[in-house]
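See below for the structure under consideration.
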Amino acid sequence: MNNIELLPQWFIIFYVILIGLCCGSFLNVVILRGLSGESLVFSRSKCPKCNSQLTWYMNIPLISYIFLKGKCAYCKEHISIQYPIIESLCAVLFCITYLTFGLTFKTLFLWVFLALFIAIATTDILKTVIIDIHTYILAIIGFIFNLFNFGYTEIQNSIIGAISGFLIMEFLAFLGTLFLKHRAFGEGDSLIVMSLGAIFGFKNLSIIIPLSIIIQAIFSLPVLAFEEFKNKNIKLCLSYIFVFLSLFIVGFLNLNSFNDNTKIYLSITIPLCIILLWSLKIILKDLKYKKITAQNSSETEKSAFKLLPFGPALILSATILFFYLDKIKELILNFIY
Ligand SMILES: [Zn+2]
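Read left to right, the sequence shown gives residues 14 to 350 (the numbering used here).
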C-alpha cells in the first residue's frame, strides 16, 4: 500500500483545495498578462489601479480577498470579483477531479487541462480573445497524455484528432463565410477544437462539437430572447423562446422512449416541427435584416451584431466529457436505438 493512501481523506482534500487555490491565483496572472501582453515572469504582482507592489500576505488566494474586503490595501480600489471566482472554481474542479480519479497521473493531467480550460474560457468571456499559446500548450500536453496511455485514445488518434479538428472547424467557418458573408466564429475556436482533438482523439470530437452547440444554444437563446423582449419585438422573442423549449421537448421525448407509442410521438413531433421551422424562418429573416443594417452603419453598431463567444461552450462540453464520457456515450446509444 502506498504511504499516501494511509493519510486521512480530509487531509488530502485540504491539500488539493490549497493547490487549486494557488493554481487559480497563478491563472489570474496568466489571464491578465496574457490579455495585456506583459511577460509572465520577472515582474511582481501590482495593484492595477495604483501600481503599488503587493506584499506576500496580500497575495494569499481567496483569504486576502476576504480579509481586505475586496479592496486594495493602499488605494481602496475594488479588486475585481474575477480573482476569487477563478481561485475557487479552480479549487472546486481540482477537488472533483481528485474525488473521481484519486491520486493518479490522470488526475495530475486533468488538473493541467482544467487550469488551461479556465484561462481560455475566461479570456474569451472577458475580451472575446483566445490566446493562441494557451491552445498550443493544451494540444502538446494532450499528445503527451495519450502517448503514455493515461488518456482517452492512442497517440495516432490524438494527432489525427488535432489536425482534423482544426480542419473541420475551418471548413465550417468557410461555409459560414459563404452563407453569412463573414466567419461564423473566430480562428481561436478552431484552435480550441484542435487541442480538444489532441486530448480526446478524433471520434470523441463527434460528441464534443454537437454537445457544445447544444450548450451554446441553452445559454445564448434566453439572452437573445431577452434582448428582443427589451426591443419590444415580441414575435422574435417568442421565436427564440420556442427554439429553446423545443430543445428540451425533443430531448424529453427521446429519453422517455415515447417513440414506442407512435401516435403520441407523431402528434407532438409534427406540430413541434412546423412551429420550429416557422420560428427559425422569423429568426433567419431578422438576422438577414440586421446584417444589412450593420453593413450600412458605423463600426460600433457593427460590433453589436455579434453572437456570444463559442469558446466557453466548447470548454464546458470538454469538461463534462472528462467526467461523463461513458455516460454520454450510453445516452447517445439509447437516443439512436
Ligand atoms: Zn491600489
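Ideal Cβ placement from N, Cα and C applies to all residues, glycine included.
First through last residue of the alpha helix (DSSP H) which encompasses residue i
i: LEU129; result: 118–140
i: CYS36; result: 22–49
i: PHE80; result: 76–80
i: ALA152; result: 145–160
i: GLU241; result: 215–243
i: THR110; result: 95–114
Residue of the options minimising C-alpha distance to residue i
i: LEU237; options: ILE254, ILE221, ILE227 and ILE222; result: ILE254
i: PHE323; options: GLU167, ALA134, LEU40 and ALA211; result: ALA134
i: GLY199; options: ASP137, ALA175, GLU167 and ILE25; result: ASP137
i: PRO223; options: SER252, ILE172, LYS342 and LEU249; result: LYS342
i: VAL400; options: GLY264, TYR111, ASP145 and GLY210; result: Within the shown structure, residues of the chain are numbered from 14 to 350, placing residue 400 beyond reach of any answer.
i: ILE131; options: SER101, PHE114, LEU116 and ILE154; result: SER101
i: ALA331; options: LEU127, ILE44 and ILE76; result: LEU127
i: LEU293; options: LYS304, VAL256, GLY264 and LEU329; result: VAL256
i: CYS88; options: SER52, ILE247, CYS60 and GLN22; result: CYS60
i: HIS147; options: ILE44, ILE26, LYS119 and ALA186; result: ILE44
i: CYS35; options: VAL125, TRP23 and CYS85; result: VAL125
i: GLY264; options: ILE231, ASN64, PRO235 and PHE27; result: ILE231
i: LEU185; options: LEU344, TRP291, ILE226 and ILE154; result: ILE226
i: SER259; options: PRO21, ILE288, ILE328 and SER233; result: ILE288
i: LEU327; options: ASN246, GLN229, LYS303 and GLU240; result: GLN229
i: PHE122; options: THR113, ILE154, ILE150 and GLY115; result: ILE154
Closer than 7 Å: residue i CB and nearest ligand 1 heavy atom
i: TYR96; result: no
i: LYS82; result: no
i: SER77; result: no
i: TYR87; result: yes
i: SER58; result: no
i: SER93; result: no
i: LYS62; result: yes
i: SER171; result: no
i: SER65; result: yes
i: GLU90; result: yes
Neighbour flag for residue i against chain D, beta carbons, 8 Å
i: LYS298; result: Absence of chain D from the displayed structure is noted, only one protein chain being present.
Cβ-based neighbour list, residue i, same chain, cut-off 6 Å, excluding 5 preceding and 5 following
i: GLY33; result: CYS103, ALA104 and PHE107
i: GLY201; result: ILE143
i: THR141; result: PRO322
i: SER203; result: PHE179, MET182 and GLU183
i: GLU90; result: LYS62
i: PHE192; result: none
i: SER171; result: PHE156, ASN159, ALA211 and GLY214
i: VAL206; result: GLY178 and MET182
i: ILE79; result: none
i: PRO97; result: LEU75 and TYR78
i: SER316; result: For SER316, the predicted model reports a pLDDT of 41, less than 50, meaning its position is unreliable; a value from the coordinates is still stated below. Excluding residues within five positions, none has a Cβ falling inside 6 Å.
Residues near residue i by beta carbon distance below 8 Å, same chain, minus five either side
i: SER58; result: VAL42, GLN66, LEU67 and ASN72
i: TYR165; result: ASN159, ILE212, PHE213, GLY214, ASN217 and LEU338
i: ILE262; result: ILE281 and LEU285
i: TRP94; result: Before going further, note that residue 94 is Ile rather than Trp in the sequence given. Closer than 8 Å at the Cβ level, and outside the excluded window around ILE94, lie GLY83.
i: ILE296; result: LEU249, SER252, TYR253 and VAL256
7 Å CB neighbourhood of residue i in its chain, flanking five on each side removed
i: PRO325; result: ALA134, ASP137 and ILE138
i: THR190; result: ARG196
i: PHE242; result: CYS250
i: MET14; result: For MET14, the predicted structure reports a pLDDT of 49, less than 50, and the residue's modelled location is therefore unreliable. The matter cannot be settled from this model.
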